[in-house]
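Below is one structure, written out as structure tokens; comments come after it.
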Amino acid sequence: MITVHAQYQSRFREITRVEKESFEIAEPSMAALATAITGKYGPAMTALLMDEDSKSLNSRGTLYLNSKGTRMYLEDGLADGETVFFMVGIAGG
Amino acid sequence: MESRLLRVNLTTGDCKVETVPHAMFERWIGGSGINNWIMWEHFLTHDVNCDPRGPDNIFVFGVGPLAATGSGSGIKGRITFKSPCYGIFGDSAAGGKFPYMVRFAGFDYIAITGKAPKPVYLHLCDGDVEIRDASHLWGKNSAEAHNSLVQELGDYPSLAHTLTIGQAGENQVGIASVVSDASRIHARGGGGCVLGSKNLKAIAVQGSGGVRVQNPRGLLNWSKDFRQKIDQNEAIYGFKRRGTLGAVEMYQHIGSHFWRNNQGNMFRGDEVRSDNWVKKYHKYSEVCSADCYIACDGRYKLDGTESEKAKKYVGESFRRPEYLTTASAAGALDLRDWAEVAHWGKVTNDYGIDNQDLSTSISFIMELEQHGLLSARQKAELFDRDNQSLEWGCMEDVEELMKDMVFQRNRFGKFFHDGPYYGALRYSEFRGQNFMKYATYGKGGASFTEEMRPFPTWMNNMAVASRGADHLKGIGLIEKFQRRDLSMKYFGRLEAADLSTPVLKGACTAVVENQVALLNSYGVCLFHWMLDPGGYTPEDYYGRAFAEVTGIDRTPEELMRDGERICNLEKAFNSRLGLRREHDTICERWMFEPCPEGMYPGKVAADMFETVLDEYYEWRGWDRRTSLQTESRLKSLGMDDVADVLAADGALVRA
Amino acid sequence: MSRTPQKELVTGAVWHPPGAEIPDVDEKLYALSNQCTDCNICEVACSLVHSPDNMVNPLLARLKVDHSPQVGRKAVHPFGFAADICHHCGNPPPCAEVCPADAFYYDPKTNVAVIAQDKCIQCMECVPGCPFDVIFVAPDGELLKCDLCGGEPACVDACATRPEMNNAGKQYVRAPVLFHTDTAGYKAVLQDKPERKDEVGMMQAMLEAGTVSSAA
Numbered sequence: 001m002i003t004v005h006a007q008y009q010s011r012f013r014e015i016t017r018v019e020k021e022s023f024e025i026a027e028p029s030m031a032a033l034a035t036a037i038t039g040k041y042g043p044a045m046t047a048l049l050m051d052e053d054s055k056s057l058n059s060r061g062t063l064y065l066n067s068k069g070t071r072m073y074l075e076d077g078l079a080d081g082e083t084v085f086f087m088v089g090i091a092g093g
Numbered sequence: 094m095e096s097r098l099l100r101v102n103l104t105t106g107d108c109k110v111e112t113v114p115h116a117m118f119e120r121w122i123g124g125s126g127i128n129n130w131i132m133w134e135h136f137l138t139h140d141v142n143c144d145p146r147g148p149d150n151i152f153v154f155g156v157g158p159l160a161a162t163g164s165g166s167g168i169k170g171r172i173t174f175k176s177p178c179y180g181i182f183g184d185s186a187a188g189g190k191f192p193y194m195v196r197f198a199g200f201d202y203i204a205i206t207g208k209a210p211k212p213v214y215l216h217l218c219d220g221d222v223e224i225r226d227a228s229h230l231w232g233k234n235s236a237e238a239h240n241s242l243v244q245e246l247g248d249y250p251s252l253a254h255t256l257t258i259g260q261a262g263e264n265q266v267g268i269a270s271v272v273s274d275a276s277r278i279h280a281r282g283g284g285g286c287v288l289g290s291k292n293l294k295a296i297a298v299q300g301s302g303g304v305r306v307q308n309p310r311g312l313l314n315w316s317k318d319f320r321q322k323i324d325q326n327e328a329i330y331g332f333k334r335r336g337t338l339g340a341v342e343m344y345q346h347i348g349s350h351f352w353r354n355n356q357g358n359m360f361r362g363d364e365v366r367s368d369n370w371v372k373k374y375h376k377y378s379e380v381c382s383a384d385c386y387i388a389c390d391g392r393y394k395l396d397g398t399e400s401e402k403a404k405k406y407v408g409e410s411f412r413r414p415e416y417l418t419t420a421s422a423a424g425a426l427d428l429r430d431w432a433e434v435a436h437w438g439k440v441t442n443d444y445g446i447d448n449q450d451l452s453t454s455i456s457f458i459m460e461l462e463q464h465g466l467l468s469a470r471q472k473a474e475l476f477d478r479d480n481q482s483l484e485w486g487c488m489e490d491v492e493e494l495m496k497d498m499v500f501q502r503n504r505f506g507k508f509f510h511d512g513p514y515y516g517a518l519r520y521s522e523f524r525g526q527n528f529m530k531y532a533t534y535g536k537g538g539a540s541f542t543e544e545m546r547p548f549p550t551w552m553n554n555m556a557v558a559s560r561g562a563d564h565l566k567g568i569g570l571i572e573k574f575q576r577r578d579l580s581m582k583y584f585g586r587l588e589a590a591d592l593s594t595p596v597l598k599g600a601c602t603a604v605v606e607n608q609v610a611l612l613n614s615y616g617v618c619l620f621h622w623m624l625d626p627g628g629y630t631p632e633d634y635y636g637r638a639f640a641e642v643t644g645i646d647r648t649p650e651e652l653m654r655d656g657e658r659i660c661n662l663e664k665a666f667n668s669r670l671g672l673r674r675e676h677d678t679i680c681e682r683w684m685f686e687p688c689p690e691g692m693y694p695g696k697v698a699a700d701m702f703e704t705v706l707d708e709y710y711e712w713r714g715w716d717r718r719t720s721l722q723t724e725s726r727l728k729s730l731g732m733d734d735v736a737d738v739l740a741a742d743g744a745l746v747r748a
Numbered sequence: 749m750s751r752t753p754q755k756e757l758v759t760g761a762v763w764h765p766p767g768a769e770i771p772d773v774d775e776k777l778y779a780l781s782n783q784c785t786d787c788n789i790c791e792v793a794c795s796l797v798h799s800p801d802n803m804v805n806p807l808l809a810r811l812k813v814d815h816s817p818q819v820g821r822k823a824v825h826p827f828g829f830a831a832d833i834c835h836h837c838g839n840p841p842p843c844a845e846v847c848p849a850d851a852f853y854y855d856p857k858t859n860v861a862v863i864a865q866d867k868c869i870q871c872m873e874c875v876p877g878c879p880f881d882v883i884f885v886a887p888d889g890e891l892l893k894c895d896l897c898g899g900e901p902a903c904v905d906a907c908a909t910r911p912e913m914n915n916a917g918k919q920y921v922r923a924p925v926l927f928h929t930d931t932a933g934y935k936a937v938l939q940d941k942p943e944r945k946d947e948v949g950m951m952q953a954m955l956e957a958g959t960v961s962s963a964a
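One line per chain: the protein sequences are S, D and F, in this order. So the first sequence is numbered by the numbering used here: it starts at 1 and just counts up by one. So the second sequence is numbered by the numbering used here: it starts at 94 and just counts up by one. So the third sequence is numbered by the numbering used here: it starts at 749 and just counts up by one.
What follows is the structure in structure tokens.
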């Protein structure tokens, strides 16, 4: 088991109602974290986080970064204590 | 597909209606593509090096073929002209109901030349045109002029919708904007100045006509599919509520804002750092234009209870700020109260002035003050008054400086009315001291209030955008959001999504510029595409809607070539004006000062700048040394006629 | 402007003699005016499907986003516009009752009252006759009334959902500004789809508060 932290912004925070929280996950992977989050928050979070067609993280209008500023994908590993930021990805205006 | 072009010569008062033939749509798609061509043709018979504020400059308004057809993709009107502030190609898009109504009034394109002897406005109604006296409108701000026109024109055959200029345009401030329906703004490039120089205060349209669609059933099906894709997308659902303000928190996290003239890249005010503001102030949404399934815009109304500073603006109501309104106010000027940010959006709109160039001009002066480079005497010389305070985050100072600019009251206003680059040049010359390292600008001297040092494609955008430093021509989404899926789709490799390498970053600019040129030519909003609900693309998914409306059925590859052709015409215009590789550059701060903070500190644009620029030219098929277009590439795009013009001007490379 | 008569999208024609018992329309249209964003797509879609010559013209639509709605009316957006849409009153509707030319017939599938353009004498009696001001006059004088597109209204297909309605992210199923449903089904939703309960509850509350325009 490792502990990882999730931090939510904008639309994500609107669904979770918390700014950050920690998850204990068995597998040290982004896939395990995504499963834990969608399991906790239900269909709205699943629709926001997952792409049903390609069975990967939804990449449209979103941005998930680790603490080094690199985008996370389902197959990426996670280290104990790592924080993943869940953000809305739009630019300009 | 056919539409109508109205040509107005304000010097003689001649109005002429021409048909825009189907072949024009085949070649230039519509919207900005056709606008560009109208301007290009104009400058074949007029001096391209003319004074942009003179009667020889042309002002073109156009809408794309998807406008007012219920496609749901958001209508944008486009203005195209030779920019008075940067002296190069200029164009700008905006919503409002004007681009919707102009089609029902019987015109898709309006080309204005000459100069009226006294202030006038144009009235277009069901195919008829009238040049009318505007002396009663002159001196009014953009919203007052709009309201006055709507009232006097009544609601038959329809309510009137307008393009107006504010006092900035009347006073021919270089960075003045054109305002659509009192609240949406064609901000960049100085279109308002061009209209002001022509003594044209407004264009008002009313109409009861129709717009023909080639295949209505096909379009309705496309549009239903589009709506379902949008409504099923959770990220867009958040966007519907927040609009571009949804970017504030993400930008804060990665360090992508533009704080105090880009001395930092994160907001400091507790309130402005979060988009919780939206819930607090904004209750109802409204579309910014028409035909939009997203409707990310909304309004605020201040009752004075929101904050201490909101008490100054009790009763004020306007469209709520967009991201760049916030970036210029909360970032460049460090205003920390939302009420002030919102008020900044309203006043820049009312005066009709670009908040990017205005905020960076003001923040340039504020930074000089911060470094102790302005004595009391020097400030009095600039402002014609004693004791002008220049304090970061002080709205009173900002408003004073804004009025200096809009009403051209003093040296500050006159030096900086073409933006921070020319302002800094003039001021450096005036003082006999070089202050250029405090000016933030890119191509053409245009400024932009976002951090770009960690993002190679953005940095490249700032250097090559045809209308001067800007993100919207080749917006670097693949790289900024590290989209490996898009990198694979367009390049078959992953590097475009990797921020640490310059590889494929120039290629990204080239590809996305072509796509954006297509969207701008369809005449739709970029955000529907940017949010990418179905993983679709302008050359593919939108291309089908374009086919249903116009009957022009193209493969995605053909449409990408159409986009490339449009970009090449903009480039050719700038080449005729003498722009070469040395003009594709960015300011010292961005180039050599390390990125100060955020997620990617220490990045210096110079590390990757030249490599990315080389790659961009390579993908474009342009000459690397001069940046000029090559004969072979232009011919392969079917632009032989353009190549001939460039050759005559010595702006073509025979290769 | 189109001189061609607008086409009706109905599934057939039924004429009832005066005084005859006519079944009510069981498909209703609703408009949540305070959720409307003024995007005009409903008008454009309506005019497009009813156009005989592929012309879009919002002035030929059978519904309207009204920018000068009656003062004192409840169902007005706070910014001063209202989505005006036919309420499909109980049959025969007031517009048909005042018609001196007996130009109204009924779509056998939906029981919607439709104006027969060849019988209409364009006297415009039905315009003030409509209690909700939703009979519109085209620029060429033709009277325009919603025909429910034979049961599949194009305006509903074209109307996007709004986040203001979803109680800060709690729910996932949402409704657009315009929607139609048969009244029985509308009631059944409460039992069959509990996840929509809040939304229906909200609409019910809106109906009671008078913020939803519906004759249902």
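Glycine is no exception: its CB is placed at the ideal position from the N, C-alpha and C atoms.
Within-7 Å CB hit, residue i to chain D
{"i": "F:T759", "result": "no"}
{"i": "F:C787", "result": "yes"}
{"i": "S:M87", "result": "yes"}
{"i": "F:L780", "result": "no"}
{"i": "S:G92", "result": "yes"}
7 Å Cβ cutoff, residue i in contact with chain S
{"i": "D:A388", "result": "no"}
{"i": "D:R412", "result": "no"}
{"i": "D:H510", "result": "no"}
{"i": "D:M343", "result": "yes"}
{"i": "D:L662", "result": "no"}
Inter-residue spacing [alpha-carbon to alpha-carbon] between residue i and residue j
{"i": "D:I151", "j": "D:V371", "result": "40 Å"}
{"i": "D:R171", "j": "D:S614", "result": "9 Å"}
{"i": "S:M45", "j": "D:E327", "result": "8 Å"}
{"i": "D:C660", "j": "D:M552", "result": "18 Å"}
{"i": "F:K918", "j": "S:P43", "result": "In this prediction, F:K918 has a pLDDT of 40, which is less than 50 and means its spatial position is unreliable; what the coordinates show is noted afterwards. Straight-line Cα distance between these residues: approximately 10 Å."}
{"i": "D:E223", "j": "D:D140", "result": "28 Å"}
Where the alpha helix (DSSP H) containing residue i begins and where it ends
{"i": "D:I347", "result": "340-347"}
{"i": "D:H621", "result": "619-623"}
{"i": "D:E462", "result": "448-463"}
According to DSSP, residues forming a beta bridge with residue i
{"i": "D:A295", "result": "D:Y214, D:T257"}
{"i": "S:I20", "result": "Residue identity differs from the one stated: residue 20 of chain S is Lys in this sequence, not Ile. DSSP, once it has assigned bridges, lists S:Q7 as partnering S:K20."}
{"i": "D:G357", "result": "D:W352"}
{"i": "S:M50", "result": "S:L57"}
{"i": "D:A740", "result": "According to DSSP, D:A740 bridges with nothing at all."}
is_contact[residue i, chain F] using C-beta, thresh 7 Å
{"i": "D:K317", "result": "yes"}
{"i": "D:P309", "result": "yes"}
{"i": "D:E379", "result": "yes"}
{"i": "D:R320", "result": "yes"}
{"i": "D:G743", "result": "no"}
Bounding residues of the beta strand (DSSP E) (the contiguous stretch that carries residue i)
{"i": "D:L666", "result": "In the sequence under discussion, the amino acid at residue 666 of chain D is Phe, which differs from the Leu named in the question. Careful: D:F666 lies outside any beta strand (DSSP E), inside the alpha helix (DSSP H) at 649-669."}
{"i": "D:T704", "result": "Note, D:T704: premise wrong, no beta strand (DSSP E); alpha helix (DSSP H) at 702-713."}
{"i": "D:R637", "result": "Unbroken run through D:R637 is the alpha helix (DSSP H), 634-643; no beta strand (DSSP E)."}
{"i": "F:S781", "result": "No beta strand (DSSP E) contains F:S781, which DSSP labels as neither H nor E."}
{"i": "D:S410", "result": "410-412"}
Taking only runs that begin and end inside the segment 110-197 of chain D, name each unbroken alpha helix (DSSP H) of 4 or more residues, in chain order.
-> Listed in chain order, they are 115-121, 124-138, 191-197.
Which residue spans inside the segment 588-615 of chain D form an unbroken alpha helix (DSSP H) run of at least 4?
-> If we require 4 residues or more, the alpha helix (DSSP H) runs fully inside the segment 588-615 of chain D come out as 598-615.
Entirely within the segment 396-439 of chain D and at least 3 residues each: give me those beta strand (DSSP E) ranges in chain order.
-> Taken in chain order, the complete beta strand (DSSP E) segments of 3 or more residues contained in the segment 396-439 of chain D are 410-412.
Starting from the N-terminal side, write out each stretch of the alpha helix (DSSP H) that is 4 residues or longer and does not extend beyond the segment 469-543 of chain D.
-> Entirely contained in the segment 469-543 of chain D, the alpha helix (DSSP H) runs reaching 4 residues are, in chain order, 469-476, 488-499, 504-509, 513-524.
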